[in-house]
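Mapped onto the UniProt record's numbering, the consecutive letters of the sequence shown carry residue numbers 1 to 441.
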Amino acid sequence: EAAFVACPPIPHSHWSTPTPTEMGRSCSLKAILVGCISPCVWGINQGRASWMSSLCHPPISFAEFVSRYNRDYVPGTDEYNKRASLFAKRAAAVTEHNCGANRRHTWRASINNLADWEEEALESLSGHKHIEHTQEPERAEFETVTFMSQRGRRVEYPSSVSWEHLPSISTPRHQGHCGSCWALTAVTVVSAHSEIRKRSSDFSLSQVLACTPNPNRCGGTGGCHGATSGLAFNYIMHAGLASSKTFPYPYGDINFKPKTDLACPASMGIDPNEAASSLRRVLDADGNEVHMVSSGHGSKLGMVGWKRLAENKEHQLVRALVEDGPVAVSIATGPDWHMYGGGVFPSESCDPNLVLRHATVLFGYGLDEDSSLRYWHLKNSWGEDWGELGMMRLERLDNEEGACGWDEHPEKGSECQGGRSKVWVCGSCGIIHEATLPMFQ
Numbered sequence: 001e002a003a004f005v006a007c008p009p010i011p012h013s014h015w016s017t018p019t020p021t022e023m024g025r026s027c028s029l030k031a032i033l034v035g036c037i038s039p040c041v042w043g044i045n046q047g048r049a050s051w052m053s054s055l056c057h058p059p060i061s062f063a064e065f066v067s068r069y070n071r072d073y074v075p076g077t078d079e080y081n082k083r084a085s086l087f088a089k090r091a092a093a094v095t096e097h098n099c100g101a102n103r104r105h106t107w108r109a110s111i112n113n114l115a116d117w118e119e120e121a122l123e124s125l126s127g128h129k130h131i132e133h134t135q136e137p138e139r140a141e142f143e144t145v146t147f148m149s150q151r152g153r154r155v156e157y158p159s160s161v162s163w164e165h166l167p168s169i170s171t172p173r174h175q176g177h178c179g180s181c182w183a184l185t186a187v188t189v190v191s192a193h194s195e196i197r198k199r200s201s202d203f204s205l206s207q208v209l210a211c212t213p214n215p216n217r218c219g220g221t222g223g224c225h226g227a228t229s230g231l232a233f234n235y236i237m238h239a240g241l242a243s244s245k246t247f248p249y250p251y252g253d254i255n256f257k258p259k260t261d262l263a264c265p266a267s268m269g270i271d272p273n274e275a276a277s278s279l280r281r282v283l284d285a286d287g288n289e290v291h292m293v294s295s296g297h298g299s300k301l302g303m304v305g306w307k308r309l310a311e312n313k314e315h316q317l318v319r320a321l322v323e324d325g326p327v328a329v330s331i332a333t334g335p336d337w338h339m340y341g342g343g344v345f346p347s348e349s350c351d352p353n354l355v356l357r358h359a360t361v362l363f364g365y366g367l368d369e370d371s372s373l374r375y376w377h378l379k380n381s382w383g384e385d386w387g388e389l390g391m392m393r394l395e396r397l398d399n400e401e402g403a404c405g406w407d408e409h410p411e412k413g414s415e416c417q418g419g420r421s422k423v424w425v426c427g428s429c430g431i432i433h434e435a436t437l438p439m440f441q
């Protein structure tokens, strides 16, 4: 994006770790409701430091929050009072999580740039819904490609993997007031795979957002109103990508609220019917859907196709992550996601209905030394002060393929128009159900 709002670091001399007794005294909900956040609320973004070390530092009022994030609310107006009320509600929830009697110790909550957003605006951040096809594909409908399954042998992978060193992964981004997570995730993953091959990675998010066809309304109606990363990869494969300077992203400023959708320049558009006729879709022996075209502008980037991994297969996801690079995944976010400030986020705090409504980038996995929990490492698109510099460590379950359930409302976040009435979803926050990535030469 063109810009994002970062939370300035606070000197270590301004905070200290309290004793449990001191913490209980300082975490007064009454103090929050009159406009002052206790030390338990504003989580300091210290990356991977112990969560206990970043719970407390000086209080902040709503007026200070407004100043920090350049809000234009005028004191005494209905808008100001409404936002102050939202802020107090989120601050109370953060305090209850961090300092309440039932507090968990694997992750911390914090106030961030989303603290005064309305619920509808928060929901719009999850503009991605994940299925590209309108029915479950039968193996007989696909050509079987045996040469692509040479990696089907059992291979031992390292206990931890990270692609965080790539600039596309380490640089925080904010999607702003636009449901563009599907497009931002796809562009980030393509950029990462390009960087792995020492190629250019300055690509236009706006191009993908504005120009990706979505005739079947997969994951929404397109643009800021939702689509899928798979559709984005398909567009990139046919059209290629311009630089971000050619078509910059306007929504990175979180105080900018778009009134109209971006228009696709004629030179960047593609005919969806022509694109579909030139597409070759196959199913390899590992159950992965492989999408290729005989010719397309994506080849100028080195991209020759894209792949949708077999549903609910953890080993396929790990293999792709280790051997190929970052992967676009679909996530069933829960309400606590918006106040995540660091640590290992538990799977039990995901959406219990397993509606896969959000797209994000999986770039690694590892083991947290403090909690001894395994985790998936995700890059989100909600700004630098969300989570751990814009990233999340999501609990990785011991049996990802056994933690499953029916998403009985896929129309709310998973299917194309006229698609399946329910889908079987597995993994922590449904992470292993839907995963896509580009294929490079």
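A virtual CB, placed ideally from N, CA and C, is assigned to each residue, including glycine.
Applying the 10 Å Cβ sphere with the 16-neighbour rule, what's the burial state of residue i?
i      : result
Lys198 : exposed
Ser13  : Since pLDDT at Ser13 reaches only 29, below the 50 mark, its modelled position is unreliable, and the value read off the structure follows with that caveat. Flag for Ser13 reads exposed.
Asn255 : exposed
Ser243 : exposed
Thr333 : buried
Asn234 : buried
Pro410 : buried
Val189 : buried
His130 : In this prediction, His130 scores a pLDDT of 40, lower than 50, which makes its location untrustworthy; no coordinate-derived value is stated.
Asp78  : exposed
Return the Cβ separation of residue i and residue j in integer angstroms, given the expectation that the two are a contact with Cβ distance under 8 angstroms.
i           : j      : result
Pro258      : Tyr251 : 6 angstroms
residue 459 : Leu184 : The first residue shown for the chain is 1 and the last is 441, placing residue 459 beyond what the model contains.
Lys307      : Met439 : 6 angstroms
Helix, strand or coil: how does DSSP classify residue i here?
i      : result
Val322 : helix
Leu317 : helix
Glu348 : helix
Cys181 : helix
Ser162 : strand
Tyr235 : helix
Val190 : helix
Glu274 : helix
Glu388 : strand
Ile393 : Correcting the residue type first, residue 393 is Arg in the shown sequence and not Ile. It is a strand residue.
Pro265 : coil
Leu367 : strand
Ile432 : coil
Val155 : coil
Gly230 : helix
Pro215 : coil
With residue i as the anchor, note down where its beta strand (DSSP E) starts and where it stops.
i           : result
Glu289      : 289 to 293
Cys404      : 404 to 407
Val423      : 423 to 426
Leu279      : 279 to 284
Leu209      : Where Leu209 is concerned, there is no enclosing beta strand (DSSP E), although the alpha helix (DSSP H) it sits in stretches over 205 to 211.
Arg374      : 374 to 379
Arg108      : 107 to 109
residue 446 : The structure shown has nothing for residue 446, since the chain only spans 1 to 441.
Ile331      : 327 to 331
Gly305      : 303 to 308
Restricting to Cα atoms, I'd like to know which of the options is closest to residue i.
i           : options                        : result
His105      : Val344, Ser201, Asp324, Ala88  : Val344
residue 450 : Ala115, Arg68, Arg71, Ala109   : Coverage of the chain is limited to positions 1 through 441, which leaves residue 450 absent and any answer about it impossible.
Met237      : Val304, Phe62, Ala310          : Val304
Ser366      : His358, Glu395, Arg357         : Sequence inspection shows Gly at residue 366; the Ser mentioned does not correspond to that position. Nearest of His358, Glu395, Arg357 to Gly366, Cα basis: Glu395.
Ala192      : Asp324, Trp337, Ser124, Trp376 : Asp324
Arg357      : Ser168, His433, Ser295, Gly383 : His433
Asp370      : Gly387, Gln207, Trp107         : Trp107
Ser180      : Leu122, Val155, Gly419, Ser200 : Leu122
Val282      : Met292, His315, Gly427, Asp72  : Met292
Glu118      : Asp261, Lys82, Gly226          : Lys82
Ala186      : Trp163, Cys218, Gly220, Thr228 : Thr228
Gly419      : Ala93, His174, Gly219          : Gly219
Pro352      : Ala266, Gly402, Asp407, Ser206 : Asp407
Starting from residue i, trace the alpha helix (DSSP H) both ways and give me its first and last residue.
i      : result
Ala93  : 78 to 99
Ser170 : 167 to 170
Val66  : 62 to 68
Can we count residue i as close to the ligand NAP, meaning its CB is less than 8 angstroms from some heavy atom?
i     : result
Tyr69 : As presented, the structure is devoid of all ligands, the ligand NAP included, so that no description of it is given.
With 9 angstroms as the threshold, decide whether the Cβ of residue i is near any Cβ in chain C.
i      : result
Gln207 : Absent here is chain C; the protein component of the structure consists of one chain.
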